[in-house]
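Visitor: All the letters of the sequence shown, read from the start, carry residue numbers 15 to 145 under the numbering used here.
Note that CB positions come from ideal geometry on N, CA and C, so glycine has one too.
Just passing along the structure, written as C-alpha coordinates.
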Amino acid sequence: MTPAGYSRFFAAVLMGAASITAANAQNAQVELTSMQNPDGVYAVYITTQHGYCDKSYQWKISVSGGRVSSAGDTPMEASGQINQRGVVALAFQKMGQVATVTGRVAKGYGSGTWSSSTMQCGGSWRAMRQG
15 MTPAGYSRFF
25 AAVLMGAASI
35 TAANAQNAQV
45 ELTSMQNPDG
55 VYAVYITTQH
65 GYCDKSYQWK
75 ISVSGGRVSS
85 AGDTPMEASG
95 QINQRGVVAL
105 AFQKMGQVAT
115 VTGRVAKGYG
125 SGTWSSSTMQ
135 CGGSWRAMRQ
145 G
(Lines of atoms letter the chains of each structure in order from A and count residues from 1; the text may use other names and numbers.)
(Lines give C-alpha, C1' and ligand atoms only; values in the text may rest on other atoms or scores of the structure.)
Protein backbone atom coordinates (compact mmCIF):
# COMPACT_ATOMS: atom_id res chain seq x y z
CA MET A 1 0.00 0.00 0.00
CA THR A 2 1.30 3.47 -0.81
CA PRO A 3 1.70 6.19 1.84
CA ALA A 4 -1.40 7.91 0.41
CA GLY A 5 -3.27 4.60 0.65
CA TYR A 6 -2.31 4.26 4.34
CA SER A 7 -3.50 7.80 5.01
CA ARG A 8 -6.90 7.13 3.42
CA PHE A 9 -7.19 3.80 5.25
CA PHE A 10 -6.44 5.35 8.67
CA ALA A 11 -8.76 8.29 7.95
CA ALA A 12 -11.56 5.84 7.13
CA VAL A 13 -10.88 3.82 10.29
CA LEU A 14 -10.87 6.98 12.44
CA MET A 15 -14.10 8.26 10.89
CA GLY A 16 -15.76 4.88 11.47
CA ALA A 17 -14.60 4.81 15.09
CA ALA A 18 -15.82 8.37 15.61
CA SER A 19 -19.25 7.45 14.19
CA ILE A 20 -19.51 4.41 16.47
CA THR A 21 -18.45 6.45 19.50
CA ALA A 22 -20.98 9.19 18.69
CA ALA A 23 -23.76 6.61 18.25
CA ASN A 24 -22.85 4.90 21.54
CA ALA A 25 -22.79 8.25 23.36
CA GLN A 26 -26.20 9.16 21.94
CA ASN A 27 -27.66 5.77 22.93
CA ALA A 28 -26.20 6.11 26.42
CA GLN A 29 -27.75 9.58 26.80
CA VAL A 30 -31.17 8.31 25.70
CA GLU A 31 -30.88 5.37 28.11
CA LEU A 32 -29.79 7.63 30.99
CA THR A 33 -32.64 10.07 30.34
CA SER A 34 -35.24 7.30 30.28
CA MET A 35 -33.78 5.68 33.42
CA GLN A 36 -33.90 8.96 35.32
CA ASN A 37 -37.43 10.02 34.33
CA PRO A 38 -39.02 10.34 37.77
CA ASP A 39 -42.63 10.66 36.55
CA GLY A 40 -45.24 8.31 38.00
CA VAL A 41 -47.16 7.56 41.18
CA TYR A 42 -45.08 6.57 44.21
CA ALA A 43 -45.97 4.88 47.48
CA VAL A 44 -44.03 6.75 50.18
CA TYR A 45 -43.12 5.18 53.53
CA ILE A 46 -42.01 7.56 56.28
CA THR A 47 -40.32 6.52 59.52
CA THR A 48 -39.83 8.84 62.49
CA GLN A 49 -36.41 8.45 64.09
CA HIS A 50 -36.40 11.35 66.52
CA GLY A 51 -39.07 13.47 68.15
CA TYR A 52 -42.63 12.66 69.14
CA CYS A 53 -44.35 12.28 65.75
CA ASP A 54 -46.17 9.09 64.85
CA LYS A 55 -43.66 6.30 64.27
CA SER A 56 -44.62 5.78 60.63
CA TYR A 57 -46.68 7.26 57.83
CA GLN A 58 -47.63 6.01 54.40
CA TRP A 59 -49.17 7.85 51.45
CA LYS A 60 -48.89 8.42 47.72
CA ILE A 61 -47.47 11.20 45.61
CA SER A 62 -47.72 11.88 41.90
CA VAL A 63 -44.78 13.15 39.83
CA SER A 64 -45.47 14.75 36.45
CA GLY A 65 -42.81 16.66 34.55
CA GLY A 66 -40.71 16.41 37.71
CA ARG A 67 -43.33 18.33 39.76
CA VAL A 68 -44.70 16.59 42.82
CA SER A 69 -48.27 16.68 44.10
CA SER A 70 -50.41 14.60 46.42
CA ALA A 71 -52.14 11.53 45.01
CA GLY A 72 -55.18 9.64 46.22
CA ASP A 73 -56.28 9.83 49.85
CA THR A 74 -53.13 11.56 51.12
CA PRO A 75 -53.36 13.20 54.56
CA MET A 76 -50.76 15.87 53.71
CA GLU A 77 -50.35 18.27 50.78
CA ALA A 78 -47.17 17.50 48.83
CA SER A 79 -45.27 20.05 46.73
CA GLY A 80 -41.81 20.29 45.22
CA GLN A 81 -39.85 18.55 42.51
CA ILE A 82 -37.60 15.68 41.50
CA ASN A 83 -35.09 16.70 38.86
CA GLN A 84 -33.73 14.57 35.98
CA ARG A 85 -30.75 13.55 38.11
CA GLY A 86 -33.19 12.17 40.69
CA VAL A 87 -32.59 14.82 43.37
CA VAL A 88 -35.65 15.21 45.60
CA ALA A 89 -36.65 18.57 47.12
CA LEU A 90 -40.16 18.47 48.62
CA ALA A 91 -42.37 19.83 51.35
CA PHE A 92 -45.36 18.21 52.99
CA GLN A 93 -47.92 20.40 54.76
CA LYS A 94 -50.96 19.75 56.93
CA MET A 95 -52.78 22.26 59.14
CA GLY A 96 -49.78 24.56 59.53
CA GLN A 97 -47.30 21.74 60.08
CA VAL A 98 -44.48 21.53 57.50
CA ALA A 99 -41.93 18.82 56.80
CA THR A 100 -39.06 19.22 54.35
CA VAL A 101 -37.90 16.18 52.41
CA THR A 102 -34.60 15.55 50.63
CA GLY A 103 -33.11 12.52 48.96
CA ARG A 104 -32.73 10.74 45.64
CA VAL A 105 -34.85 8.68 43.26
CA ALA A 106 -33.47 6.30 40.62
CA LYS A 107 -35.05 3.51 38.57
CA GLY A 108 -38.37 3.79 40.40
CA TYR A 109 -37.01 3.69 43.95
CA GLY A 110 -36.09 6.48 46.32
CA SER A 111 -34.88 7.23 49.82
CA GLY A 112 -33.72 10.10 51.96
CA THR A 113 -34.43 12.08 55.08
CA TRP A 114 -37.13 14.42 56.34
CA SER A 115 -37.36 16.92 59.15
CA SER A 116 -39.91 19.28 60.62
CA SER A 117 -39.10 22.24 62.82
CA THR A 118 -42.83 22.85 63.40
CA MET A 119 -43.40 19.28 64.65
CA GLN A 120 -39.89 18.94 66.14
CA CYS A 121 -39.25 15.52 64.65
CA GLY A 122 -37.63 13.87 61.66
CA GLY A 123 -36.48 10.63 60.17
CA SER A 124 -36.11 8.75 56.93
CA TRP A 125 -38.28 7.88 53.95
CA ARG A 126 -38.34 5.39 51.12
CA ALA A 127 -40.51 5.25 48.04
CA MET A 128 -41.40 2.87 45.24
CA ARG A 129 -42.99 3.80 41.91
CA GLN A 130 -46.41 2.20 41.50
CA GLY A 131 -47.07 3.22 37.92
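Tell whether a beta-carbon distance below 7 angstroms holds between Gly-122 and Trp-128.
Guide: no
Visitor: Which class does Lys-121 belong to by DSSP, given the choice of helix, strand or coil?
Guide: coil
Visitor: Find out if the Cβ-Cβ distance for the pair Val-77, Ala-92 is shorter than 7 angstroms.
Guide: Against a cut-off of 7 angstroms, the Cβ pair of Ala-92 and Val-77 comes out as no contact.
Visitor: Under 6 angstroms: does the beta carbon of Glu-91 sit that close to some heavy atom of the ligand ATP?
Guide: Ligands displayed in this structure: none; no statement on the ligand ATP is therefore possible.
Visitor: Are the beta-carbon atoms of Ala-103 and Gln-111 separated by less than 7 angstroms?
Guide: no
Visitor: Enumerate in chain order the residues of its own chain whose CB-to-CB distance from Asp-68 is below 6 angstroms, with the five nearest sequence positions on each side excluded.
Guide: none
Visitor: How big is the Cα-Cα spacing for Thr-114 and Gln-144?
Guide: 23 angstroms
Visitor: If we ignore side chains and look at the alpha-carbon of each, how far apart do Gln-63 and Asn-97 end up?
Guide: 27 angstroms
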